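Number of protein chains: 4
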Amino acid sequence: MTDEPITATLLISCRDQKGLVAAVSDFLYRNNGNIIHADQHTDQEEGVFLQRVEWELEGFDVAREEIEATFKPIALRFGMEWALHFSDYQPSVALFVSKLPHCLYDLLGRWRMGELRGTVPLVISNHDDHREIAESYGITFHSLPVTDNKAQQENVALKLLQEWDIDTVVLARYMQILSPEFVARYPNRLINIHHSFLPAFAGARPYHQAHERGVKIIGATAHYVTPELDQGPIIQQDVAGVSHRDSVNDLVRKGRDLEKIVLARAVDLHLRNRILVYGNKTVVFD
Amino acid sequence: MTDEPITATLLISCRDQKGLVAAVSDFLYRNNGNIIHADQHTDQEEGVFLQRVEWELEGFDVAREEIEATFKPIALRFGMEWALHFSDYQPSVALFVSKLPHCLYDLLGRWRMGELRGTVPLVISNHDDHREIAESYGITFHSLPVTDNKAQQENVALKLLQEWDIDTVVLARYMQILSPEFVARYPNRLINIHHSFLPAFAGARPYHQAHERGVKIIGATAHYVTPELDQGPIIQQDVAGVSHRDSVNDLVRKGRDLEKIVLARAVDLHLRNRILVYGNKTVVFD
Amino acid sequence: MTDEPITATLLISCRDQKGLVAAVSDFLYRNNGNIIHADQHTDQEEGVFLQRVEWELEGFDVAREEIEATFKPIALRFGMEWALHFSDYQPSVALFVSKLPHCLYDLLGRWRMGELRGTVPLVISNHDDHREIAESYGITFHSLPVTDNKAQQENVALKLLQEWDIDTVVLARYMQILSPEFVARYPNRLINIHHSFLPAFAGARPYHQAHERGVKIIGATAHYVTPELDQGPIIQQDVAGVSHRDSVNDLVRKGRDLEKIVLARAVDLHLRNRILVYGNKTVVFD
Amino acid sequence: MTDEPITATLLISCRDQKGLVAAVSDFLYRNNGNIIHADQHTDQEEGVFLQRVEWELEGFDVAREEIEATFKPIALRFGMEWALHFSDYQPSVALFVSKLPHCLYDLLGRWRMGELRGTVPLVISNHDDHREIAESYGITFHSLPVTDNKAQQENVALKLLQEWDIDTVVLARYMQILSPEFVARYPNRLINIHHSFLPAFAGARPYHQAHERGVKIIGATAHYVTPELDQGPIIQQDVAGVSHRDSVNDLVRKGRDLEKIVLARAVDLHLRNRILVYGNKTVVFD
Numbered sequence: 143m144t145d146e147p148i149t150a151t152l153l154i155s156c157r158d159q160k161g162l163v164a165a166v167s168d169f170l171y172r173n174n175g176n177i178i179h180a181d182q183h184t185d186q187e188e189g190v191f192l193q194r195v196e197w198e199l200e201g202f203d204v205a206r207e208e209i210e211a212t213f214k215p216i217a218l219r220f221g222m223e224w225a226l227h228f229s230d231y232q233p234s235v236a237l238f239v240s241k242l243p244h245c246l247y248d249l250l251g252r253w254r255m256g257e258l259r260g261t262v263p264l265v266i267s268n269h270d271d272h273r274e275i276a277e278s279y280g281i282t283f284h285s286l287p288v289t290d291n292k293a294q295q296e297n298v299a300l301k302l303l304q305e306w307d308i309d310t311v312v313l314a315r316y317m318q319i320l321s322p323e324f325v326a327r328y329p330n331r332l333i334n335i336h337h338s339f340l341p342a343f344a345g346a347r348p349y350h351q352a353h354e355r356g357v358k359i360i361g362a363t364a365h366y367v368t369p370e371l372d373q374g375p376i377i378q379q380d381v382a383g384v385s386h387r388d389s390v391n392d393l394v395r396k397g398r399d400l401e402k403i404v405l406a407r408a409v410d411l412h413l414r415n416r417i418l419v420y421g422n423k424t425v426v427f428d
Numbered sequence: 143m144t145d146e147p148i149t150a151t152l153l154i155s156c157r158d159q160k161g162l163v164a165a166v167s168d169f170l171y172r173n174n175g176n177i178i179h180a181d182q183h184t185d186q187e188e189g190v191f192l193q194r195v196e197w198e199l200e201g202f203d204v205a206r207e208e209i210e211a212t213f214k215p216i217a218l219r220f221g222m223e224w225a226l227h228f229s230d231y232q233p234s235v236a237l238f239v240s241k242l243p244h245c246l247y248d249l250l251g252r253w254r255m256g257e258l259r260g261t262v263p264l265v266i267s268n269h270d271d272h273r274e275i276a277e278s279y280g281i282t283f284h285s286l287p288v289t290d291n292k293a294q295q296e297n298v299a300l301k302l303l304q305e306w307d308i309d310t311v312v313l314a315r316y317m318q319i320l321s322p323e324f325v326a327r328y329p330n331r332l333i334n335i336h337h338s339f340l341p342a343f344a345g346a347r348p349y350h351q352a353h354e355r356g357v358k359i360i361g362a363t364a365h366y367v368t369p370e371l372d373q374g375p376i377i378q379q380d381v382a383g384v385s386h387r388d389s390v391n392d393l394v395r396k397g398r399d400l401e402k403i404v405l406a407r408a409v410d411l412h413l414r415n416r417i418l419v420y421g422n423k424t425v426v427f428d
Numbered sequence: 143m144t145d146e147p148i149t150a151t152l153l154i155s156c157r158d159q160k161g162l163v164a165a166v167s168d169f170l171y172r173n174n175g176n177i178i179h180a181d182q183h184t185d186q187e188e189g190v191f192l193q194r195v196e197w198e199l200e201g202f203d204v205a206r207e208e209i210e211a212t213f214k215p216i217a218l219r220f221g222m223e224w225a226l227h228f229s230d231y232q233p234s235v236a237l238f239v240s241k242l243p244h245c246l247y248d249l250l251g252r253w254r255m256g257e258l259r260g261t262v263p264l265v266i267s268n269h270d271d272h273r274e275i276a277e278s279y280g281i282t283f284h285s286l287p288v289t290d291n292k293a294q295q296e297n298v299a300l301k302l303l304q305e306w307d308i309d310t311v312v313l314a315r316y317m318q319i320l321s322p323e324f325v326a327r328y329p330n331r332l333i334n335i336h337h338s339f340l341p342a343f344a345g346a347r348p349y350h351q352a353h354e355r356g357v358k359i360i361g362a363t364a365h366y367v368t369p370e371l372d373q374g375p376i377i378q379q380d381v382a383g384v385s386h387r388d389s390v391n392d393l394v395r396k397g398r399d400l401e402k403i404v405l406a407r408a409v410d411l412h413l414r415n416r417i418l419v420y421g422n423k424t425v426v427f428d
Numbered sequence: 143m144t145d146e147p148i149t150a151t152l153l154i155s156c157r158d159q160k161g162l163v164a165a166v167s168d169f170l171y172r173n174n175g176n177i178i179h180a181d182q183h184t185d186q187e188e189g190v191f192l193q194r195v196e197w198e199l200e201g202f203d204v205a206r207e208e209i210e211a212t213f214k215p216i217a218l219r220f221g222m223e224w225a226l227h228f229s230d231y232q233p234s235v236a237l238f239v240s241k242l243p244h245c246l247y248d249l250l251g252r253w254r255m256g257e258l259r260g261t262v263p264l265v266i267s268n269h270d271d272h273r274e275i276a277e278s279y280g281i282t283f284h285s286l287p288v289t290d291n292k293a294q295q296e297n298v299a300l301k302l303l304q305e306w307d308i309d310t311v312v313l314a315r316y317m318q319i320l321s322p323e324f325v326a327r328y329p330n331r332l333i334n335i336h337h338s339f340l341p342a343f344a345g346a347r348p349y350h351q352a353h354e355r356g357v358k359i360i361g362a363t364a365h366y367v368t369p370e371l372d373q374g375p376i377i378q379q380d381v382a383g384v385s386h387r388d389s390v391n392d393l394v395r396k397g398r399d400l401e402k403i404v405l406a407r408a409v410d411l412h413l414r415n416r417i418l419v420y421g422n423k424t425v426v427f428d
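Chains as they are written, first to last, in this note's numbering: chain G, 143 to 428; chain D, 143 to 428; chain E, 143 to 428; chain P, 143 to 428.
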């Protein structure tokens with residue numbers, strides 16, 4: 143992994159128009175860009191165009207710090223929303239967790255293995271249970287119990303996120319509902335794992351709901367958080383078969399494996415700038 | 143397949159009690175039964191016991207026509223609900239279909255290949271489109287358009303089902319909602335395929351709902367029909383991955399493959415007496 | 143489906159070079175092409191670039207019959223292997239089948255439903271069993287038994303394929319091994335379904351091999367046929383879980399569902415010009 | 143989990159005979175056993191019968207220490223191979239690992255969460271890399287580099303396993319081939335994870351093999367180790383879809399998630415006494 147070349151990535155979305163691909167590819171070609179990955183999507187119904195293009199910085203004729211300014215006229219011409227990312231930038235990720243630590247353990251293990259393109263300096267929990275594991279990874283841990291004054295707790299959390307310059311917040315089985323004000327601070331940078339294949343079994347106790355309904359398949363869903371509970375843009379889903387033999391506890395146990403894998407995939411895709419959001423949907427260029 | 147031995151199958155459900163398995167296995171052992179398949183399940187929460195046991199008729203000390211009477215005392219002792227089936231009985235299946243014929247084609251093909259343990263003498267549709275295909279299989283086809291008087295249409299259908307001595311009705315993408323009166327006539331013998339992974343996207347146009355929501359997985363669900371629309375006991379479900387590249391038409395196309403396979407599995411399990419229903423759930427002994 | 147616009151599709155493969163995407167997108171842009179689908183892939187290790195681009199004919203400034211000549215200079219400049227397809231062309235497909243008809247039934251049903259972008263005028267079998275079903279679809283059926291002189295049988299088959307102007311041959315559970323000479327006549331246009339997840343269980347009786355080995359998953363593989371048995375480029379694979387409860391017959395039964403779905407997907411992708419072959423691999427732009 | 147009742151479990155295999163189920167269920171019924179789980183399987187071809195039955199100790203008329211002696215006559219009558227397990231016994235598990243720690247992390251996390259029915263007192267590696275993580279879990283870590291004298295290294299390992307009274311050895315991506323002598327010491331108690339869907343891609347570098355072959359699905363296989371490399375009885379397998387977009391590194395990355403989940407499931411099933419081995423196959427009563 144260490145000898146991967148440093149790359150720049152453009153994420154673009156705009157109204158679908160002729161000449162978009164030509165303009166972007168011409169920009170890269172004229173400046174001698176060696177394209178590593180390119181993918182695009184047109185939503186014909188909505189008339190929306192989305193593109194991801196990644197190229198090597200080495201050999202590119204535009205200096206890293208001038209790429210933004212050089213591309214800007216093209217973006218303006220087509221009315222693009224766009225973002226530019228460099229692969230050697232390590233975004234800071236904060237993990238929120240409650241009692242169940244399997245997603246926390248899983249993400250920390252991946253981070254230690256160098257699997258995540260980012261750093262994890264901060265874990266916040268509404269309990270104190272997982273302080274030891276966080277600190278054994280050298281990570282700062284804050285327990286912020288949720289009392290009557292939830293707004294206050296969130297303010298403390300927000301202050302910590304600012305202090306630590308956090309880019310992305312991951313709710314790794316954090317069982318508190320965040321206020322719209324909190325959510326608004328991390329648009330498309332706040333990822334949650336819900337323990338059902340949404341939109342089935344939104345809300346509380348999805349495995350109990352699933353058991354009650356007698357489904358033959360359970361699932362997990364990673365999504366960006368929006369003010370509407372469990373309604374945000376879906377990033378990843380996965381499912382597993384179950385049968386009458388499975389008690390609620392078995393569903394919970396099997397579900398944990400889904401949750402941690404689905405959440406980790408979503409976080410990985412997010413950190414590698416593989417996701418574009420439009421309307422209430424994601425485009426995942428994997 | 144032709145040389146499979148003829149078997150008897152007991153399907154049992156009752157309140158969980160000690161001695162149930164011992165009593166049934168003793169009954170078979172004393173009468174020299176050669177067990178082919180046995181499976182049981184205890185729902186600990188509900189205190190319900192369910193069992194399926196299948197044994198060869200050849201060599202069994204109780205004559206076929208006396209098995210029922212011989213087992214009855216055991217059933218009474220434990221307060222069992224039970225049913226006895228013989229593998230050489232070929233139940234009659236009627237298929238209901240509307241415009242989309244993929245499930246119809248699939249089931250007919252399986253029937254012709256000898257894959258289904260049953261016969262298909264009757265196809266009913268609210269359109270006339272699939273008369274030719276049904277008749278090319280030598281099957282009687284009735285088109286019963288749904289007019290203002292739906293009750294009347296259902297009555298004609300019910301009369302046909304009686305005339306043809308139909309055991310099981312399969313709604314193979316039949317897009318009419320049946321009345322509670324109709325449904326009540328085929329309890330646990332009326333199978334529907336719904337084109338979503340229920341309980342997500344119940345009701346109309348599930349693929350449109352799925353596309354709108356931006357899910358990454360679509361599904362299909364075969365279930366017994368109850369008066370509550372799309373709420374009956376689930377028999378089988380399966381899913382397939384989708385992405386932003388898939389239009390509603392793509393979901394419809396991919397979904398068709400799920401629908402026909404899931405429905406066919408459910409029908410097969412039903413005809414081989416592998417399903418027990420209790421509460422609003424199924425136990426599938428596959 | 144009927145009101146889908148008529149499109150042109152370019153399939154391109156060549157040595158990876160800078161400016162490829164720019165050249166193709168510029169060609170389309172200058173001529174006012176409305177791109178419907180575009181995808182590309184660079185195999186970094188092999189240094190191979192592959193692209194698929196599809197655009198609407200309506201509004202394109204180059205007349206349909208001149209597109210080839212107009213694009214040729216670009217293709218020559220980059221040393222491209224390329225093909226141009228129009229979506230209203232209906233390729234002719236011949237189906238080869240032996241005893242087991244589930245793939246035959248499935249493909250014919252799809253064809254009748256208008257699901258396949260192509261026509262099926264011809265079925266060839268080494269048995270006479272499926273004449274009736276083929277003819278009920280209005281398709282010419284030839285039974286060509288394989289005797290001592292296999293070369294002769296293949297020659298008759300080849301003559302039929304020529305007579306009927308067949309583009310693509312689908313081996314829908316055809317259990318004869320075709321000679322290298324035959325195979326060479328339909329490079330990347332001869333699709334087989336193998337009833338295992340290749341490369342596991344190549345050769346004869348894969349379900350028996352799978353049962354013997356005690357695997358927990360079975361599969362099916364659709365691939366282009368090459369002279370090396372079961373070694374050609376893989377197009378599609380799918381799998382299903384099995385357990386100790388499954389006898390060889392159960393594997394065969396479950397496997398049939400995999401086979402027909404996997405084969406149909408491969409045929410559909412092929413007919414919609416979604417597949418590129420390079421080396422012994424496929425790139426599937428789905 | 144803590145308030146689950148203590149249970150006894152019988153694992154039985156023998157030649158298929160009439161009266162087996164009756165004898166076992168009668169034994170439990172006469173002694174007032176409350177059955178929690180019962181499952182059986184008859185391999186009709188091999189004439190082998192296998193059973194698992196689990197019942198609550200509380201209320202059972204035979205004292206825990208006398209169950210073995212009380213059941214013995216039945217076992218002798220039918221020529222059973224059998225084992226008796228109690229759910230409050232915590233078997234000792236040793237983990238072997240080489241460079242890649244994802245399976246190690248995953249199993250340790252599960253252990254800490256109380257998910258595994260067993261303890262993990264010992265980690266052995268042929269490298270020193272993972273000492274810190276093991277020790278942070280309070281586990282003894284031994285690095286035993288493999289030098290020219292492999293037999294010696296294995297002897298040290300075997301001595302450690304004896305000292306620590308290890309029941310089960312888990313090769314959590316341990317990349318050394320163990321000698322037949324070592325393997326023979328842990329029959330059906332030595333679990334390996336192989337990073338392919340065996341029997342495809344046995345041996346070294348399976349992801350490279352998979353990439354080379356151009357498969358559309360990769361997998362992982364947990365199996366008991368036998369002297370024949372990668373040929374032992376398969377416990378669990380799972381797969382994931384891949385495409386031309388996936389480099390070898392992507393396969394490795396995606397495969398890690400399969401490996402850790404599949405291995406953990408196999409270890410869990412093993413520790414909960416859910417697996418019976420006969421011939422070269424497993425019966426998994428899950």
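For every residue, glycine included, the Cβ atom is placed at its ideal position computed from N, Cα and C.
The structure presented is a predicted model; accordingly, all values stated were derived computationally and were not measured.
VAL419/E: buried (16+ other C-beta within 10 angstroms of its C-beta) or exposed?
By 1-based counting over the third sequence, the position of residue 419/E is 277. VAL419/E should be labelled buried.
Just by C-beta distance, which residues in the stretch 304-321 of chain D are closer than 9 Å to chain E?
none
Where GLN378/E meets chain P, residues with beta-carbon distance less than 9 Å
Residue numbering aside, residue 378/E sits at position 236 when the third sequence is read from its first letter. Within chain P, the residues near GLN378/E are LYS358.
Can we say the stretch 389-408 of chain E touches the stretch 351-365 of chain P, given the rule of at least three CB pairs closer than 8 Å?
no
I'd like to confirm something about ILE178/D: is its beta-carbon nearer than 7 Å to some heavy atom of the ligand FAD, or not?
Among the ligands in the structure shown, none appear at all, so the ligand FAD cannot be discussed.
My output table needs one value for ILE275/E: the three-state DSSP class, helix, strand or coil.
For the purposes of this step, residue 275/E is identified with residue 133 of the third sequence, where counting begins at 1. It is helical.
If you drop the 5 nearest sequence neighbours on each side, which residues of the same chain put their C-beta closer than 7 Å to that of ASP429/D?
The displayed coordinates of chain D run from 143 to 428. Any statement about residue 429/D would go beyond what the structure contains.
Curious, which full-length beta strand (DSSP E) runs of at least 3 residues does the stretch 236-314 of chain P contain?
261-267, 282-285, 310-313
Is the stretch 269-285 of chain G touching the stretch 245-258 of chain G, taking contact as three or more C-beta pairs under 8 Å?
yes
If we ignore side chains and look at the alpha-carbon of each, how far apart do LYS214/G and VAL190/G end up?
Along the first sequence, read from residue 1 onward, the residue named residue 214/G stands at position 72. Along the first sequence, read from residue 1 onward, the residue named residue 190/G stands at position 48. Spanning the two alpha carbons is a distance of roughly 20 Å.
Classification of HIS350/E by the beta-carbon crowding that lies within 10 angstroms, buried from 16 upward:
Sequence index remark: in the third sequence, residue 350/E carries index 208 (1-based). Per the 10 Å Cβ criterion, exposed.
Near ASP230/P, what residues of its chain come up, given a Cβ to Cβ distance below 7 Å and the 5 sequence neighbours on each side ignored?
On the fourth sequence, residue 230/P is found 88 positions in, with the first residue counted as 1. If we look at ASP230/P and ignore the five residues flanking it on each side, its Cβ neighbours are ILE148.
Where LEU430/G and LEU170/P are concerned, what is the direct C-alpha to C-alpha distance, given to the nearest angstrom?
Chain G is shown from 143 up to 428; residue 430/G falls before or after that span and cannot be answered.
Applying the criterion that 16 or more other CB atoms from any shown protein chain within 10 Å of the CB defines a buried residue, is ALA408/D buried or exposed?
Mapped onto the second sequence, residue 408/D falls at position 266. By the neighbour-count rule (16 or more Cβ atoms within 10 Å), ALA408/D is buried.
Relative to the C-alpha of GLU198/G, which residue among LEU152/G, SER385/G, VAL426/G, THR368/G is closest?
Reading the first sequence from its first residue, position 56 is the one you call residue 198/G. Comparing Cα-Cα distances from GLU198/G to each of LEU152/G, SER385/G, VAL426/G, THR368/G, the minimum goes to LEU152/G.
Which residue from SER167/G, SER234/G, ARG347/G, LEU162/G puts its Cα closest to that of GLY161/E?
Residue 161/E sits at position 19 when you count from the first residue of the third sequence. Considering only alpha carbons, the answer is SER167/G.
Reducing DSSP to helix, strand and coil, say where GLU210/P ends up.
Mapped onto the fourth sequence, residue 210/P falls at position 68. In this structure, GLU210/P counts as helix in the three-state DSSP scheme.
Buried versus exposed, by CB contacts within 10 Å (16 or more), ALA352/G:
Here residue 352/G refers to the residue found at position 210 of the first sequence. When all chains shown are included, ALA352/G counts as buried.
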